[in-house]
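J.: If you read the sequence shown in the working numbering, its first letter stands for residue 35, the second for the next number, and so on.
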Amino acid sequence: MTNVALTGLARDLARRAAEGRPVRIGVIGSGEMGTDLVTQGMLMPGISVAAISTRRPHTARDAIRIAYGDEAMAAEADTASKVSQAIESGRIAITSNEMLVTNPLIDVVIDATGKPGDEPSSCMELIEFASALGYTIVSAGKGKNNPLNHDAVPDDYREEALRRNMNPRMLVEFVDGSKTMVEMCAIANATGLVPDVPGMHGPKADRDELAKVLIPKADGGILSKKGVVDYTIGKGVAPGVFCIIETKHPRVLERMIDLKVGKGPYFTIFRPYHLTSLEVPLSAARAVVYKRADMEPLDHPVAEAVAVAKSNLGAGQSLGMIGENDYRGFAMTWEDARARGALPLGLAERAKVVKPVKAGDFLTYENCVPDDSMVITQIRRRLDQSDGRFVTN
């Protein structure tokens, strides 16, 4: 129950709840993030997690028990009609068929299967705020949440993952930097900001140093240009997101300095948190209620998350999943990735190595063959053909 007068989205969701028209969400996956979604959705008037698809039905029941205290809300459903019956009776359908969560009674589907990325839309809030005020975006990004170790493998993090109630593979995709690379590419492809250098800089810049470091070299920073995405491993930034802005008007500079935002001409605007899966229902609600995406890609590619070998890979080897032993993510501009023939990170899983690859080298279309049976590979091949028109050299 809330203790304030409702406004904005909270008011509009309350109205939908009163009218019996909650935003119905279908969730794919019931691990750590999926369980958070079910729990948070239960707390929100106007939001209803209506169905969960998972290969392990007991985890969906566990999620429902954690959220509601028991499993009474759970209803097994192996057909579309049974999913509908469960939803209409006010229960949560559990199915092993992910296509059944596209039921007509469900408004929005959320993939919570552990693939990386959650800070981008939080960072977009800052970028949109600063852009609307007419400020120049010099750099934008995040503080890295886990200590960076490019060589991380699950066996080295099982104890920590168990302590944090996480899948070791999921923890490793955080630690080895893959998640950060994907997130920064997502921001780039929604804004036109670019990685300044392959892999980005990732400086050890603390919260109060951001506006001195992630700025052009000519002004004492490390960037070759303005308008970039990057991350920091410095103190006081994670789990937040930031945007370094520039304004040259003396009146605005005077006010920003007076407000103790910084000393200028570069200033850091900062969101000191992101609530990961707990914020996701808000994105779903805005998409349904206001028909508005929190972020969406541009009509042309800007950046690419590609794969770099973590260990020596032999010909004939079939690659595992992100966060395992074979490869990690690496961000670069789309044109650079295309020129190198670099293999997109999303196509590395189940790819076959056809030429030996040394640790630290890029996986490419020359030394690896993606699995053409995967839908994502088929879609990406069509996308690459279409995107050829954007090549400038």
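Glycine residues also receive a C-beta, built at the ideal position from the N, C-alpha and C atoms.
Computed from a prediction, not measured in an experiment: that's the story for all the values here.
Quick one, are the C-beta atoms of ALA321 and ALA327 less than 9 Å apart?
T.: In the sequence shown, residue 321 corresponds to position 287, counting from 1. In the sequence shown, residue 327 corresponds to position 293, counting from 1. Yes. Within cutoff.
J.: On a Cα-Cα basis, can you pick out the residue from PHE276, ASP190, TYR102 that is closest to ASP70?
T.: The count along the sequence shown starts at 1 and reaches residue 70 at position 36. Closest by alpha carbon: TYR102.
J.: To which residues of the same chain is ARG95 closer than 6 Å at the C-beta, ignoring the five residues directly before and after it?
T.: Walking along the sequence shown from the start, residue 95 turns up at place 61. Excluding residues within five positions, the ones whose Cβ falls inside 6 Å are GLU105, ALA108.
J.: Establish whether the CB of ARG50 and some CB of chain B are separated by less than 9 Å.
T.: Among the chains of the structure shown, chain B does not appear; only one protein chain is present.
J.: Among SER155, ASP141, ALA97, whose alpha-carbon lies nearest the alpha-carbon of ILE128?
T.: Locating residue 128 in the sequence shown gives position 94, counting from the first residue. Closest by alpha carbon: ALA97.
J.: Which of the three DSSP states, helix, strand or coil, is assigned to VAL27?
T.: An answer regarding residue 27 cannot be provided, because it is not within the stretch 35 to 427 covered by the chain.
J.: With burial defined as no fewer than 16 other Cβ atoms inside 10 Å of the residue's Cβ, what is the status of GLY60: buried or exposed?
T.: Numbered from its first residue, the sequence shown carries residue 60 at position 26. That one is buried.
J.: For TYR102, report the span of its beta strand (DSSP E) as first-last.
T.: Within the sequence shown, the letter at position 68 stands for residue 102. No beta strand (DSSP E) holds TYR102; the alpha helix (DSSP H) holding it covers 91-102.
J.: Report, in whole angstroms, the separation of the C-beta atoms of LEU381 and ARG414, which I expect to be a contact under 8 Å.
T.: Counting from 1 along the sequence shown, the entry for residue 381 is found at position 347. Counting from 1 along the sequence shown, the entry for residue 414 is found at position 380. So it is a contact: roughly 6 Å between Cβ atoms.
J.: Note down the Cα distance separating ASN37 from VAL72, rounded to an integer number of angstroms.
T.: If you number the sequence shown from 1, residue 37 lands on position 3. If you number the sequence shown from 1, residue 72 lands on position 38. Each residue's alpha carbon lies about 23 Å from the other.
J.: Taking a contact to mean a Cβ-Cβ separation below 9 Å, would you say VAL323 touches GLY350 in this structure?
T.: Along the sequence shown, read from residue 1 onward, the residue named residue 323 stands at position 289. Along the sequence shown, read from residue 1 onward, the residue named residue 350 stands at position 316. It is not a contact, given that the beta carbons lie outside the stated cut-off.
J.: Would LYS178 pass as a contact of THR266 if the rule is Cβ separation under 9 Å?
T.: Residue 178 sits at position 144 when you count from the first residue of the sequence shown. Residue 266 sits at position 232 when you count from the first residue of the sequence shown. Yes. Within cutoff.
J.: Less than 6 Å between C-beta atoms, sequence neighbours within five positions excluded: which residues of the same chain meet that for THR113?
T.: Within the sequence shown, the letter at position 79 stands for residue 113. Within the same chain, no residue comes within 6 Å of THR113 by CB-CB distance, once the 5 residues on both sides are set aside.
J.: Drop a sphere of 10 angstroms on the beta-carbon of PRO306, count the other beta-carbons inside from all chains shown, and report buried for 16 or more, exposed for fewer.
T.: As a first step, residue 306 is located in the sequence shown; it is residue number 272 there, counting from the start. By the neighbour-count rule (16 or more Cβ atoms within 10 Å), PRO306 is not buried but exposed.
J.: Identify whether SER165 lies in helix, strand or coil by the three-state DSSP scheme.
T.: As a position in the sequence shown, residue 165 is number 131, starting the count at 1. Helix at SER165.
J.: Under a Cβ-count criterion, where at least 16 other Cβ atoms within 10 Å of its own Cβ denotes burial, should PHE424 be classed as buried or exposed?
T.: Numbered from its first residue, the sequence shown carries residue 424 at position 390. So PHE424 counts as exposed.
J.: Would you mind stating whether HIS235 and PRO273 have Cβ atoms separated by less than 9 Å?
T.: Counting from one through the sequence shown, the residue named residue 235 turns up at place 201. Counting from one through the sequence shown, the residue named residue 273 turns up at place 239. The answer is no: Cβ separation not under 9 Å.
J.: Out of ALA222, ILE279, PRO232, point me to the one whose CA is closest to PRO250's CA.
T.: Counting from one through the sequence shown, the residue named residue 250 turns up at place 216. The candidate whose alpha carbon is nearest that of PRO250 is ILE279.
J.: Among ALA111, ALA174, LEU353, whose alpha-carbon lies nearest the alpha-carbon of LEU134?
T.: Locating residue 134 in the sequence shown gives position 100, where the first residue counts as 1. That would be ALA111, whose Cα lies nearest to the Cα of LEU134.
J.: For ALA371 and GLU132, what's the separation of their Cα atoms in angstroms?
T.: Within the sequence shown, numbered from 1, the residue matching residue 371 stands at position 337. Within the sequence shown, numbered from 1, the residue matching residue 132 stands at position 98. The straight-line gap from Cα to Cα measures roughly 32 Å.
J.: Starting from ASP264, trace the beta strand (DSSP E) both ways and give me its first and last residue.
T.: On the sequence shown, residue 264 is found 230 positions in, with the first residue counted as 1. Annotation: the continuous beta strand (DSSP E) that includes ASP264 extends over 262-266.
J.: Please state if the CB of ILE86 and the CB of ASN118 are separated by a distance shorter than 9 Å.
T.: What you label residue 118 is simply residue 84 of the sequence shown in a count that begins at 1. What you label residue 86 is simply residue 52 of the sequence shown in a count that begins at 1. Before going on, a small fix: residue 118 reads as Ser here, not Asn. Not closer than 9 Å, so no.
J.: Would you be able to state if there are at least three C-beta pairs under 8 Å between the stretch 337-347 and the stretch 210-219?
T.: yes
J.: Taking buried to mean at least 16 other C-beta atoms within 10 Å of its own C-beta, is MET383 buried or exposed?
T.: Along the sequence shown, one-based indexing puts residue 383 at 349. The residue asked about is misnamed: residue 383 is Glu in this sequence, not Met. Buried: at least 16 other Cβ atoms inside 10 Å.
J.: Excluding the 5 residues preceding and the 5 following TRP368 in the sequence, name in chain order all residues of the same chain whose CB lies nearer than 7 Å to its CB.
T.: Along the sequence shown, one-based indexing puts residue 368 at 334. So the list reads PRO335, VAL336, ALA337, GLU338, once near-sequence residues are dropped.
J.: Determine the burial state of PRO284: buried for a count of at least 16 other Cβ atoms within 10 Å of its Cβ, exposed for fewer.
T.: Sequence index remark: in the sequence shown, residue 284 carries index 250 (1-based). PRO284 comes out exposed.
J.: Assuming MET67 contacts SER311 under a Cβ cut-off of 8 Å, what Cβ separation, rounded to an integer in Å, is found between them?
T.: As a first step, residue 67 must be located in the sequence shown, where it is residue number 33. As a first step, residue 311 must be located in the sequence shown, where it is residue number 277. Going by Cβ atoms, the distance from MET67 to SER311 rounds to 4 Å, so yes, they are a contact pair.
J.: Can you list, in chain order, the stretches of the beta strand (DSSP E) that have 3 or more residues and sit fully within the stretch 296-346?
T.: Within the stretch 296-346, the runs of beta strand (DSSP E) at least 3 residues long that lie entirely inside it are, in chain order, 300-305, 337-343.
J.: Would DSSP call ILE291 helix, strand or coil?
T.: For the purposes of this step, residue 291 is taken as the residue at position 257 of the sequence shown. Residue state, collapsed to three classes: helix.
J.: Evaluate ARG198 with the Cβ neighbour count: other Cβ atoms within 10 Å of its Cβ, from every protein chain shown; 16 or more gives buried, anything less gives exposed.
T.: As a working mapping, residue 198 is identified with position 164 in the sequence shown. With fewer than 16 Cβ atoms within 10 Å of its Cβ, ARG198 is classed as exposed.
J.: For ARG241, which of helix, strand or coil comes out of DSSP?
T.: For this step, residue 241 is matched to residue 207 along the sequence shown. It is helical.
J.: So, for GLY268: in the same chain, excluding its five sequence neighbours on each side, which residues have a beta-carbon less than 6 Å away from its beta-carbon?
T.: Within the sequence shown, residue 268 is the residue found at index 234, counting from 1. Excluding positions up to five away in sequence, the list reads LYS238, ALA239, ASP240.
J.: As a quick exercise: from ILE121, GLU330, ILE356, ASN359, pick the residue whose alpha carbon is nearest that of GLY226.
T.: Indexing the sequence shown from 1 puts residue 226 at position 192. Among ILE121, GLU330, ILE356, ASN359, the Cα nearest to that of GLY226 belongs to GLU330.
J.: Pick helix, strand or coil for GLU358, following the three-state DSSP scheme.
T.: Translated into positions along the sequence shown, residue 358 becomes position 324. Three-state result, GLU358: coil.
J.: Could you spell out the range, first to last residue, of the alpha helix (DSSP H) harbouring SER212?
T.: For the purposes of this step, residue 212 is taken as the residue at position 178 of the sequence shown. Counting along the chain, the alpha helix (DSSP H) containing SER212 begins and ends at 212-225.
J.: Closest to THR214 by CA distance: which of ASP264, VAL247, ALA224, ASP242 is it?
T.: Along the sequence shown, one-based indexing puts residue 214 at 180. Comparing Cα positions, the closest option is ASP264.
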